[in-house]
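This report refers to the structure that appears directly beneath it.
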Amino acid sequence: MTPPVIEWQEGTVTAIRPETRQTKSFTLALPKWMAHRAGMHYDVRLTAPDGYRTERSYSVASAPERVGTIELTVERIADGEVSPYLHDVIVTGDQIEVRGPIGGYFVWDVALGGPLLLIGGGSGVVPLMAMLRHRAAQHATVPARILYSSRTPEDVIYRSEFDALAAGDRGFEAFFTFTRQAPPGWTGYRRRIDGVMLQEVIKPFGKQARVYVCGPTLLVESVATALAQMGLPIERIRTERFGPTGV
Ligand SMILES: Cc1cc2nc3c(=O)[nH]c(=O)nc-3n(C[C@H](O)[C@H](O)[C@H](O)COP(=O)(O)OP(=O)(O)OC[C@H]3O[C@@H](n4cnc5c(N)ncnc54)[C@H](O)[C@@H]3O)c2cc1C
Numbered sequence: 388m389t390p391p392v393i394e395w396q397e398g399t400v401t402a403i404r405p406e407t408r409q410t411k412s413f414t415l416a417l418p419k420w421m422a423h424r425a426g427m428h429y430d431v432r433l434t435a436p437d438g439y440r441t442e443r444s445y446s447v448a449s450a451p452e453r454v455g456t457i458e459l460t461v462e463r464i465a466d467g468e469v470s471p472y473l474h475d476v477i478v479t480g481d482q483i484e485v486r487g488p489i490g491g492y493f494v495w496d497v498a499l500g501g502p503l504l505l506i507g508g509g510s511g512v513v514p515l516m517a518m519l520r521h522r523a524a525q526h527a528t529v530p531a532r533i534l535y536s537s538r539t540p541e542d543v544i545y546r547s548e549f550d551a552l553a554a555g556d557r558g559f560e561a562f563f564t565f566t567r568q569a570p571p572g573w574t575g576y577r578r579r580i581d582g583v584m585l586q587e588v589i590k591p592f593g594k595q596a597r598v599y600v601c602g603p604t605l606l607v608e609s610v611a612t613a614l615a616q617m618g619l620p621i622e623r624i625r626t627e628r629f630g631p632t633g634v
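Going by this note's numbering, the first residue of the sequence shown is number 388, and it counts up by one from there.
Laid out in C-alpha cells, this is it:
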C-alpha cells in the first residue's frame, strides 16, 4: 500500500527561544496540525527568490499533547545552508513551509512501556526530549533515564527542564557527559560515551531496557554496537542519525 502523501503547509513562527549559544527553539502554529508520536520529525523547505529549493528534517521537540503548534529545536551549523538561515533570518511572524509528521520507527509512547533509556549527543537530544515531555504530560511512571553527551556545559540543551523533570519525578534520572570541558568541580562523566558508561547507566534496567539513541552518526553507531555487544536484543534498540560530526 502506498503511504499517504503528506502535504506541505505554511507554519507561522509564533515564538523563538534561544536554548544555548548554538541552538534555538522555534514554535510553529500549523493550520493543518496533526498529533505526532514522540520521536517523529517534520521536513522544512526553503525556497529562494530564483526558485532554488532545499529541504532538511527537524525532529519535533514538543509533546503530542500540545495541540495546534509544534516546537523545533535547531542547532546552527556554521557552514550550513538551512540552519544558519533559520537562526539568522527567521523572525517571529514569518511563515515557514513544513511537511509532517514523518516517521514511525524512532517513536515512543507510553503504551510501548519501558524501562526507557534515552541516549543522545548534541541536538540528538531533541526527539528524546519529546519522549520525556510526552511521558510527563501523561503522568506516566515508566522508569526513564537519559544519558546526554555534550561538548561543554554551555552546549547542554534543555538543562533547566531536565533538572525540573528529575526533581519532581523519582522515576526519571538524567546523566550528563562532557567531551571537551566539564563544569568546575564536576564529578560525573567527562568523555565520549563508551561501554563502561553504558553498563553503569543501564544497570537498573538490564536487558529489559527499551533504548533510543540519537545524534551524530559516529555516536549512534558506536553506542548501538556497544549495546549489542552487551547482549541487549537488537529489537529493543532504535537509532536515528542526524549528521556526520561527533561531539
Ligand atoms: C530525521 C532527522 C531529524 C533531525 N532533527 C534535527 C533537530 O531536531 N535539530 C537539528 O539541529 N538538526 C536535526 N537534524 C539535522 C538537520 O536535518 C540538518 O542536517 C542540519 O540542520 C544541518 O543542515 P544545514 O543545511 O544547516 O547544513 P548542510 O548545508 O546540510 O551541511 C553543512 C555542513 O555541515 C555538516 N553537517 C550536516 N548536518 C550536520 C549535523 N547535524 N551536525 C554537524 N554537522 C552537520 C555537513 O556535512 C556539511 O559539512 C535532523 C536530521 C534528520 C535526518
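Ideal Cβ placement from N, Cα and C applies to all residues, glycine included.
Just so we're clear, the structure is a prediction, and the values are computed from it rather than from any experiment.
Item                                                                                 : Value
Length of the line joining the Cα atoms of residue 522 and residue 592               : 17 Å
beta-carbon residue 469 near ligand 3 non-hydrogen atom, thresh 7 Å                  : Within the structure as shown, ligand 3 is missing, the only ligands being ligand 1.
Limits of the unbroken alpha helix (DSSP H) element including residue 609            : 604-616
Residue 445: CB within 7 Å of a non-hydrogen atom of ligand 1                        : yes
Cα-Cα separation, residue 577 to residue 414                                         : 33 Å
Beta-carbon proximity check, residue 575 vs residue 564, cutoff 8 Å                  : yes
Selection from 613, 533, 510 that minimises the alpha carbon distance to residue 448 : 510
Cα-Cα separation, residue 436 to residue 483                                         : 14 Å
One or two residues paired with residue 409 in a DSSP bridge                         : DSSP output for residue 409 lists no bridge partner at all.
Whole-angstrom distance between residue 454 and residue 420, CA atom to CA atom      : 8 Å
DSSP state of residue 453 mapped onto helix, strand, coil                            : coil
Per DSSP, the bridge partner or partners of residue 460                              : 412
CA-to-CA distance, residue 519 to residue 501, given in whole angstroms              : 12 Å
Near ligand 1: residue 412 beta-carbon under 7 Å from a heavy atom                   : no
heavy atom of ligand 1 below 7 Å from residue 407 C-beta                             : no
C-alpha gap between residue 485 and residue 457, whole angstroms                     : 11 Å
Residue 586 in three-state terms, based on DSSP                                      : helix
Under 8 Å between C-beta atoms of residue 630 and residue 612                        : no
C-beta contact flag for residue 607 and residue 598 at 8 Å                           : no
Ligand 1 heavy atom lying under 7 Å from the CB of residue 488                       : no
Per-residue DSSP class, three states only, for residue 579                           : coil
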